[in-house]
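I have placed the structure first, in the form of structure tokens, so that the comments after it can refer back to it.
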């Protein structure tokens, strides 16, 4: 099915561990973004990309890295996990030509202990 | 600094009545606004949008109103249905400069529609 696929759906990490959240889309969308959702905070932008090889920081980029080597994939790397990074992470994509209706993945629930 | 605010954490309405969800913004550069709907354990889904050159946009039971002078937008759902029960997020974007493509979200409002 066409859409945005995020893996894993759930993850528990120990403080200090690193990991990569995967995001892939098969709609040939140029724009991709990573958000985190925390209670009472809405969705906050971590990093985004307007095309392969082009990335930029959002509101809360510290502790996260991204790269965009292909149009389809936009992985999010946690360098050294901290309890403050416990959250639900959403990846989203859209075409540059459309209205601003991003398509979201179903999320990754991350707990850092 | 919260640039997009949804000051009502929750709203409860009866089936068949109107639901009105509100959103305020502070950044004058925002010129495109969207509403998203989110069910538990799912990603947000795009509902409706409006450009700053308009003051109203309709799509079936959903209408979004924009008051630029007050920096306020609202989403009206008429008639409300139990399946509309979800979290609703307001989002805003600037089409110019380096912010192109970035969305800033509000905190969300939990809508409950009672049968």
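Protein chains in written order, with the working numbering: chain A, 9 to 121; chain Y, 977 to 1091. Quick reminder that beta carbons are idealized off the backbone N, C-alpha and C, glycines included.
Is residue 1007(Y) helix, strand or coil by DSSP? If you number the second chain from 1, residue 1007(Y) lands on position 31. Note: residue 1007(Y) maps to coil in three-state DSSP.
Residue 995(Y) at chain A interface by Cβ criterion, 8 Å: What you label residue 995(Y) is simply residue 19 of the second chain in a count that begins at 1. Closer than 8 Å: no.
If the criterion is Cβ atoms closer than 8 Å, does the pair residue 76(A) and residue 101(A) meet it? Numbered from 1 along the first chain, position 68 holds the residue referred to as residue 76(A). Numbered from 1 along the first chain, position 93 holds the residue referred to as residue 101(A). The beta carbons of residue 76(A) and residue 101(A) sit no closer together than 8 Å.
I want to verify the contact list: residues of chain Y whose CB lies under 8 Å from the CB of residue 118(A), in sequence order. In the first chain, counting from the first residue as 1, residue 118(A) sits at position 110. The contact set of residue 118(A) on chain Y, defined by CB atoms closer than 8 Å, is empty, because the minimum CB distance reaches about 14 Å.
Segments assigned beta strand (DSSP E), at least 3 residues, entirely inside the segment 988 to 1066 of chain Y: Listed in chain order, the complete beta strand (DSSP E) runs (minimum 3 residues) inside the segment 988 to 1066 of chain Y are 995 to 1001, 1008 to 1014, 1021 to 1027, 1032 to 1035, 1038 to 1043, 1048 to 1053.
Which residues DSSP lists as bridging residue 68(A), in chain order: Taking the first residue of the first chain as 1, we reach residue 68(A) at position 60. None; residue 68(A) has no bridge partner.
Proximal residues to residue 37(A) (C-beta, below 6 Å), its chain only, five neighbours per side dropped: Here residue 37(A) refers to the residue found at position 29 of the first chain. Non-local beta-carbon contacts of residue 37(A) in its own chain, meaning distances under 6 Å to residues more than five positions away in sequence, involve 101, 102, 103 in chain order.
Is residue 1025(Y) near the ligand NAD - that is, is its Cβ less than 7 Å away from at least one heavy atom of it? Absent from the structure shown: the ligand NAD. Ligands present: none.
What residues in the segment 71 to 88 of chain A have a beta carbon less than 9 Å from any beta carbon of chain Y? Flagged: no residues at all.
Using the beta-carbon of each residue, which ones in chain A are nearer than 8 Å to residue 1078(Y)? Here residue 1078(Y) corresponds to residue number 102 of the second chain, with the count starting at 1. Within chain A, the residues whose beta carbon sits less than 8 Å from that of residue 1078(Y) are 41, 53, 56, 66, listed in sequence order.
Is there a C-beta anywhere in chain A that falls below 8 Å from the one on residue 1010(Y)? Against the second chain, residue 1010(Y) aligns to sequence position 34. Put simply, the CB of residue 1010(Y) is near chain A, with a gap under 8 Å to one of its CB atoms.
Chain-ordered residues of the segment 96 to 115 of chain A with a beta carbon less than 7 Å from chain Y: Those residues of the segment 96 to 115 of chain A placed with their C-beta closer than 7 Å to a C-beta in chain Y are 98, 107, 108, 109, 110, 112, 113, 114, 115, ordered along the chain.
From 1028(Y), 1034(Y), 1052(Y), pick the residue whose C-alpha is nearest to that of residue 1043(Y); which is it? Locating residue 1043(Y) in the second chain gives position 67, counting from the first residue. Check the Cα spacing between residue 1043(Y) and each of 1028(Y), 1034(Y), 1052(Y): the tightest is with 1028(Y).
What does DSSP give as the partner residue(s) for residue 56(A) in the beta ladder? Counting from 1 along the first chain, the entry for residue 56(A) is found at position 48. Residue 56(A) pairs with 41(A), 64(A).
For a test of the three-state rule: what should DSSP assign to residue 92(A), helix, strand or coil? In the first chain, residue 92(A) corresponds to position 84, counting from 1. Here residue 92(A) sits in helix by DSSP.
Shorter than 8 Å from the beta carbon of residue 48(A) to some beta carbon of chain Y? The count along the first chain starts at 1 and reaches residue 48(A) at position 40. So yes, residue 48(A) belongs to the interface.
Output the boundary residues of the beta strand (DSSP E) element that contains residue 1071(Y). Position 95 of the second chain, counting from 1, holds the residue named residue 1071(Y). Per DSSP, residue 1071(Y) belongs to no beta strand (DSSP E) and is neither H nor E.
How far does the beta strand (DSSP E) with residue 117(A) in it extend, from its first residue to its last? Position 109 of the first chain holds residue 117(A). Annotation: the continuous beta strand (DSSP E) that includes residue 117(A) extends over 116 to 120.
So, does the segment 1056 to 1066 of chain Y touch the segment 27 to 35 of chain A, judging by three or more C-beta pairs under 8 Å? At 8 Å Cβ cutoff, the stretches do not touch.
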